[in-house]
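A.B. asks: Going down the list, the sequences are from chains A and B. First residue of the first sequence? That's 1 in the working numbering, and the numbers climb one at a time after it. First residue of the second sequence? That's 1001 in the working numbering, and the numbers climb one at a time after it. Below: one structure in structure tokens.
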Amino acid sequence: DQQVKQNSPSLSVQEGRISILNCDYTNSMFDYFLWYKKYPAEGPTFLISISSIKDKNEDGRFTVFLNKSAKHLSLHIVPSQPGDSAVYFCAASAVSGGGADGLTFGKGTHLIIQP
Amino acid sequence: DAGVIQSPRHEVTEMGQEVTLRCKPISGHNSLFWYRQTMMRGLELLIYFNNNVPIDDSGMPEDRFSAKMPNASFSTLKIQPSEPRDSAVYFCASRRRGSGNTIYFGEGSWLTVV
């Protein structure tokens, strides 16, 4: 049973437009969320994160939105650039319990930026 | 700064052989994670260590899989005997306690069992 779901295996967006990647989670204990980016033949690299005490976090062209009531988060990339073409993983963890567990990942969304 | 270092990068082995994957975490990081990536299941957490102690190995698929962390700078993931369904990319990752919950991945070990 997947606790973190990315329902779109792939997404194609034109260069310069906004890319919106979505993620849903089922575990109400999750309170820290991250997005990772992965190029072929490389390991995932950290992109941006958000704590459950916030509903938005912005870093340059990347913004993550969190809707706790809907158990939904999204990653917005604007404007999209060719170098953004990669697989994006959503991840979640339960930190506030004092533990430091591993991250639970979604299956990823392959973002393709078209020129 | 050196990132997480994994070896080998690629391994092709015959079914039934023992496979050992190695990982050197980032210096100063005190948590280490082993993940497996497959097309069907995505990124799965196999096991993680805090301060060299295994905390949760519930993701280890079978008794054929074992992991050790003899010291803060080295960990191994062993598969014995290996099977074709073990073919995947195995990632090691590490984290420094107190840095939020961001973990940093190595480049992965690509395992093919024929």
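We put the CB at the ideal spot given by N, CA and C, even for glycine.
(1) Look up V1114(B) in the DSSP assignment and say whether it is helix, strand or coil.
(2) Return the first residue and the last residue of the beta strand (DSSP E) that Q114(A) is part of.
(3) What is the DSSP secondary structure of G1135(B), counted as helix, strand or coil?
(4) Is Q1080(B) buried or exposed, if buried means 16 or more other CB atoms sit within 10 Å of its CB?
(5) Suppose only complete runs of 3+ residues qualify. What are the beta strand (DSSP E) ranges in the segment 23-92 of chain A, listed by chain order?
(6) Roughly how many whole angstroms lie between the Cα atoms of M29(A) and S51(A)?
(7) For Q1006(B), which of T1112(B), C1092(B), Q1017(B) has the nearest alpha-carbon?
(8) Jot down the residue ranges of each uninterrupted beta strand (DSSP E) in the segment 1066-1096 of chain B, minimum 3 residues, whole runs only, in chain order.
(9) Do three or more CB pairs link the segment 1036-1053 of chain B to the segment 68-77 of chain A at distances below 8 Å?
(10) From V1012(B), G1028(B), N1051(B), pick the residue whose C-alpha is nearest to that of L1021(B); which is it?
(11) Quick one: using the 10 Å Cβ neighbour count with 16 as the cut-off for buried, is N1101(B) buried or exposed?
(12) Give a yes or no on whether the minimum CB-CB distance between L1077(B) and chain A is below 8 Å.
(13) Output the boundary residues of the beta strand (DSSP E) element that contains E1011(B).
(14) Helix, strand or coil: which one does DSSP assign to R1036(B)?
(15) Helix, strand or coil for S1007(B) per DSSP?
(16) DSSP beta-bridge partners for I1047(B)?
(17) Quick one: Cα of G1108(B) to Cα of R1009(B), how far?
(18) In chain A, which residues lie less than 7 Å from I1103(B) when you measure between Cβ atoms?
(19) On the criterion of 16 or more Cβ atoms from any shown chain inside 10 Å, does A942(B) qualify as buried, or is it exposed?
(20) On the DSSP letters alone, give me the boundaries of the beta strand (DSSP E) that Q1017(B) sits inside.
(21) Terminal residues of the continuous beta strand (DSSP E) containing Q14(A)?
(22) Run through chain B and tell me which residues come within less than 8 Å of V13(A), C-beta to C-beta.
(23) At the 8 Å Cβ level, is D1086(B) part of the contact set with chain A, yes or no?
C.D. replies: With the structure as the only source:
(1) coil
(2) 109-114
(3) The requested residue 1135(B) is not part of the displayed model; chain B covers only 1001 to 1114.
(4) exposed
(5) 32-38, 45-51, 56-59, 62-67, 72-77
(6) 12 Å
(7) C1092(B)
(8) 1074-1079, 1088-1095
(9) no
(10) V1012(B)
(11) buried
(12) no
(13) 1010-1013
(14) strand
(15) strand
(16) W1034(B)
(17) 6 Å
(18) L103
(19) With chain B represented from 1001 up to 1114, any question about residue 942(B) goes unanswered, as that position is not in the structure.
(20) Unbroken run through Q1017(B): none, as it is neither H nor E.
(21) 10-14
(22) Correct list: empty, because the minimum Cβ distance to chain B is about 22 Å.
(23) no
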